[in-house]
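Mind the numbering: the sequence shown is residues 1 to 335 in my numbering, read in order.
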Amino acid sequence: MEIVSRPHGRNLVKWAADKPDVLVLSADLTGSCEADGFRDAYPRRFISCGIAEQNMLSVAGGLCREGFIPLVHTFAVFICRRAFDQVAMSVAYPNLPVKMFGFLPGITTPGGATHQAIDDVALMRSLPNMTVLETGDATEVESVLDLAYSIDGPVYVRMLRGDVPRLFPTDEPIRADHPRILSLGDEVTVFSSGICTEEVLRASAVLKARGVSITHVHISTLKPFASGLIDQAIRAGSRGIVTVENHLVDGGLGTAVASRCASTGVGRPLVRLGLQDTWSHGAGRAALMREHGFDAMALVNAVQDLIGANLSISLADLGAVRVEPVHSVAKAEAL
């Protein structure tokens, strides 16, 4: 599996070259959010707002009214908790095209509860006019700028930084409200987002080798959540549905899928893997995913419970899986 170093930082400079209306705003986390290259390349289009995230979101709203497209860069918690009122009143209420890039979503940081955005999807999905996206690999990180820029209104992106795996081919960019169907089956449907998709790919490879028929859906648009492909996938899981997310199970992907199940009248057992009404703490990503039960082994256990069988899958089995970039079954004509 290819690992891409700082895909957002490198792509941002190239992408913004012919877009003079694009400004980047930072709250003293410029290097940490990979905006330092933009600052150096286009210093007159870079605004450092200091450690004042509430003010930064208000400034972003004002810049939109002057015809600019501001790209806000900071940690997800500082957008969604510290500046939530400004996001609501200065950005979402007037429906302004502020593009907010929230880094360190969920437990991707060992910084503990103060820095772990475990509720950001729930908060941002609750705001009228807001589009909520989540990147899951380097291809989505590199293509999310085009998508966010094309949306006429505010956008919140759960962004990955640093060394990011490439799970999807470069010719399949992230698309609005268009899930990636990574495998098709008729027993269990698994919905995943963000960093959890790599875990599901690892688990599903072993599960399918043991004879379990799985539909795997990668979600990169958490709002809107209205694609007909989602409804088809829900109906495909005759034995049940599992959601896997780097977030509280309430208000995020699990809640979105539960709402679609209710709206479409599909009665299936639904297992929601993620943080279960708890705060996390400082530790490595793999350890926290294991502790909170949304890694590959947790998915294996959930599927075994749904189908009522012990498949004798070990951690060694999961560790032996080589994850390769996977094409989506869902093409444009599938809409």
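Cβ coordinates follow ideal geometry from the N, Cα and C atoms, glycine included. Nothing here was measured: the structure is a model prediction, and the numbers come from that model.
Query raised in the report: Since H73 sits in a beta bridge, which residues does DSSP pair it with?
Result: In the sequence shown, residue 73 corresponds to position 73, counting from 1. The partner list for H73 (beta bridge, DSSP) reads S26 and F101.
Query - Under 8 Å between C-beta atoms of D119 and G102 - result: Indexing the sequence shown from 1 puts residue 119 at position 119. Indexing the sequence shown from 1 puts residue 102 at position 102. No, the pair does not count as a contact, with Cβ atoms beyond the cut-off.
Query raised in the report: If we count the other Cβ atoms within 10 Å of its Cβ and call it buried at 16 or more, is G62 buried or exposed?
Result: Within the sequence shown, numbered from 1, the residue matching residue 62 stands at position 62. G62 comes out exposed.
Requested in this report: Please report the Cβ distance between F294 and L253, rounded to the nearest whole angstrom; I am assuming they are in contact, meaning their Cβ atoms lie under 8 Å.
Outcome: The residue you call residue 294 lines up with position 294 of the sequence shown. The residue you call residue 253 lines up with position 253 of the sequence shown. 11 Å between Cβ atoms; not a contact.
Report task. Could you pull out every residue in the same chain whose Cβ sits closer than 8 Å to the Cβ of L315, ignoring the five residues on either side in sequence? Result -> Indexing the sequence shown from 1 puts residue 315 at position 315. Once the five neighbours on either side are set aside, the close Cβ partners of L315 are M297.
Query raised in the report: Buried or exposed: which applies to N11, given that a residue is buried once 16 or more other Cβ atoms fall within 10 Å of its Cβ?
Result: What you label residue 11 is simply residue 11 of the sequence shown in a count that begins at 1. Result: buried.
Query - Close Cβ partners of V303 (< 7 Å) along its chain, the five nearest in sequence each way excluded - result: Numbered from 1 along the sequence shown, position 303 holds the residue referred to as residue 303. The residues are V188, L207, V212 and V242.
Query raised in the report: For the region 271-321, which segments carrying the beta strand (DSSP E) assignment without a break, of at least 3 residues, lie completely within its bounds, in sequence order?
Result: none
Query raised in the report: For Y42, does the three-state DSSP call read helix, strand or coil?
Result: Position 42 of the sequence shown holds residue 42. Looking at Y42 - three-state DSSP - the assignment turns out to be coil, as it is neither helix nor strand.
Query raised in the report: For the beta strand (DSSP E) that R81 lies in, which residues bound it at each end?
Result: Taking the first residue of the sequence shown as 1, we reach residue 81 at position 81. That residue, R81, is in no beta strand (DSSP E); it is neither H nor E in DSSP.
Report task. Can you have a look at A338 and say buried or exposed, based on whether 16 or more other CB atoms are within 10 angstroms of its CB? Result -> The shown model of the chain, from 1 to 335, leaves out residue 338, and the question about it has no answer.
Requested in this report: May I ask you to report which of helix, strand or coil DSSP gives A334?
Outcome: Within the sequence shown, the letter at position 334 stands for residue 334. Since pLDDT at A334 reaches only 40, below the 50 mark, its modelled position is unreliable, and the value read off the structure follows with that caveat. Here A334 sits in helix by DSSP.
Query raised in the report: Does DSSP put E245 in a helix, in a strand, or in coil?
Result: Taking the first residue of the sequence shown as 1, we reach residue 245 at position 245. Note: E245 maps to strand in three-state DSSP.
Query raised in the report: Does the region 156-164 touch the region 196-204, meaning 3 or more C-beta pairs lie closer than 8 Å?
Result: no
Requested in this report: May I ask which residues mark the beginning and end of the beta strand (DSSP E) holding I3?
Outcome: Along the sequence shown, read from residue 1 onward, the residue named residue 3 stands at position 3. Segment I3 to S5, the beta strand (DSSP E) holding I3.
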